[in-house]
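These notes are about the structure you will find just below.
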Ligand code: C2E
Ligand code: MG
Ligand code: MG
Ligand code: MG
């Protein structure tokens with residue numbers, strides 16, 4: 477009888493495995509279809525200069541927008557796209573959307589905001605990824621500095637041979653490069669010096685415990701390091717005024733987070749740019765008489 481149960485259990489288990497494999501295959505196919513159909517949109521989260529709190533750019537964040545209107549978070553499909561290699565095509569699509577948006581903004585407003593795009597380490601497996609990005613920018617007649625490439629610390633370290641030459645090419649051509657999620661990986665200080673980057677992006681997990689004194693101490697040292705390497709220091713995940721002013725006092729140069737602005741659909745990001753360009757063209761008002 478025990479044998480029978482074991483036999484049944486193994487049959488059941490096999491069916492379960494098939495079902496999991498099937499579900500995986502289906503997810504892969506629907507992702508491939510979605511890429512072919514272009515079911516992806518970018519939200520743009522504003523970034524502000526420290527102190528003046530002036531809009532200085534956006535981070536592009538991908539969302540899978542299904543035909544029925546539902547939206548899927550990148551956390552729920554980017555890892556799968558990386559596992560299957562589909563991130564290469566998806567990454568190209570994302571860059572094309574960001575470049576298209578920058579072209580629209582260039583037509584509407586004189587000054588261009590910088591758009592930071594998250595790039596997966598797998599995209600660097602393509603040895604001419606960087607060259608292709610530069611060519612797309614040239615074809616669109618955009619300044620190279622309109623795009624910033626965000627790569628995570630662990631990705632940069634894990635694929636250094638592939639990433640380094642391409643980052644160098646981008647950096648030398650004026651595309652800004654930023655080290656994302658700083659403080660979550662195995663932060664090698666040597667690595668920070670070796671990488672041709674312009675920006676250090678401090679992860680939300682380091683910002684969240686502020687204003688606890690131990691968190692402030694770590695951030696102070698981190699900002700000092702960034703400063704001495706001549707980097708922009710962006711803090712992400714800023715959710716309160718208390719955190720914002722503490723980060724400014726600690727030496728961060730840019731702030732990003734729900735407190736200052738949530739990720740916005742393209743139309744709302746455009747409205748924000750329009751408001752800023754109107755404010756800039758207005759004569760400054762005396763604050764009191
Ligand atoms: P990330 O690059 O570190 O992006 C920041 C994430 O934190 C975004 O989540 C953003 O919406 C969220 N966030 C911003 N401010 C706050 C805040 O004040 N509080 C909290 N709790 N969260 C905040 P999102 O859009 O869900 O993206 C998650 C991750 O997915 C990104 O982390 C990035 O690693 C990845 N990702 C997003 N877009 C792309 C893309 O186009 N390509 C690739 N390869 N990965 C992407
Ligand atoms: Mg990012
Ligand atoms: Mg980040
Ligand atoms: Mg992060």
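Residue numbers (full-length UniProt numbering): 477 to 765.
Heads up, the beta-carbon is just placed ideally off N, CA and C, and yes, glycines get one too.
Separation of residue j from residue i, as counted between CA atoms
i: residue 565; j: residue 574; result: 14 angstroms
i: residue 551; j: residue 528; result: 32 angstroms
i: residue 620; j: residue 689; result: 40 angstroms
i: residue 705; j: residue 496; result: 48 angstroms
i: residue 711; j: residue 646; result: 23 angstroms
i: residue 499; j: residue 506; result: 10 angstroms
i: residue 670; j: residue 640; result: 9 angstroms
i: residue 549; j: residue 739; result: 12 angstroms
i: residue 691; j: residue 732; result: 18 angstroms
i: residue 541; j: residue 569; result: 14 angstroms
i: residue 737; j: residue 521; result: 7 angstroms
i: residue 659; j: residue 629; result: 8 angstroms
i: residue 501; j: residue 627; result: 28 angstroms
i: residue 747; j: residue 523; result: 15 angstroms
i: residue 504; j: residue 560; result: 8 angstroms
i: residue 486; j: residue 599; result: Note that residue 486 scores a pLDDT of 49, beneath 50, so its modelled location is shaky; the value from the coordinates is reported in the next line. Roughly 40 angstroms separates the two Cα atoms.
i: residue 509; j: residue 515; result: 9 angstroms
i: residue 693; j: residue 681; result: 14 angstroms
i: residue 651; j: residue 494; result: 46 angstroms
i: residue 753; j: residue 637; result: 42 angstroms
Limits of the unbroken alpha helix (DSSP H) element including residue i
i: residue 651; result: First-last for residue 651: undefined, no H or E at that position.
i: residue 580; result: 563 to 584
i: residue 522; result: From DSSP, residue 522 is part of no alpha helix (DSSP H) but of the beta strand (DSSP E) over 516 to 525.
i: residue 601; result: Looking at the DSSP string, residue 601 is not in any alpha helix (DSSP H), and its letter there is neither H nor E.
i: residue 724; result: 717 to 726
i: residue 528; result: That residue, residue 528, is in no alpha helix (DSSP H); it is neither H nor E in DSSP.
i: residue 667; result: 665 to 670
i: residue 769; result: What the structure shows of the chain is the stretch from 477 to 765, and residue 769 is not part of that stretch, so it cannot be assessed.
Heavy atom of ligand 2 within 7 angstroms of residue i beta-carbon
i: residue 594; result: yes
i: residue 679; result: no
i: residue 624; result: no
Extent of the continuous beta strand (DSSP E) run through residue i
i: residue 625; result: 623 to 628
i: residue 532; result: 531 to 541
i: residue 682; result: Unbroken run through residue 682 is the alpha helix (DSSP H), 680 to 683; no beta strand (DSSP E).
i: residue 711; result: 708 to 711
heavy atom of ligand 1 below 7 angstroms from residue i C-beta
i: residue 667; result: no
i: residue 549; result: yes
i: residue 656; result: yes
i: residue 537; result: yes
i: residue 694; result: no
i: residue 521; result: yes
i: residue 563; result: yes
Residue i CB to nearest heavy atom of ligand 6 below 7 angstroms
i: residue 625; result: What this structure holds is ligand 1, ligand 2, ligand 3 and ligand 4, not ligand 6.
Paired residues, beta bridge with residue i - DSSP
i: residue 591; result: 534 and 623
i: residue 701; result: Residue 701 is not bridged to any residue.
i: residue 675; result: 654 and 708
i: residue 730; result: 525 and 710
i: residue 772; result: Any answer about residue 772 is impossible in this case: the structure gives the chain only from 477 up to 765.
(message) Does the structure place the stretch 724 to 734 close enough to the stretch 696 to 706 that three or more beta carbon pairs sit under 8 angstroms?
(response) yes
(message) Below 8 angstroms, how does it come out for the stretch 669 to 678 and the stretch 598 to 618: are there three or more Cβ pairs, yes or no?
(response) no
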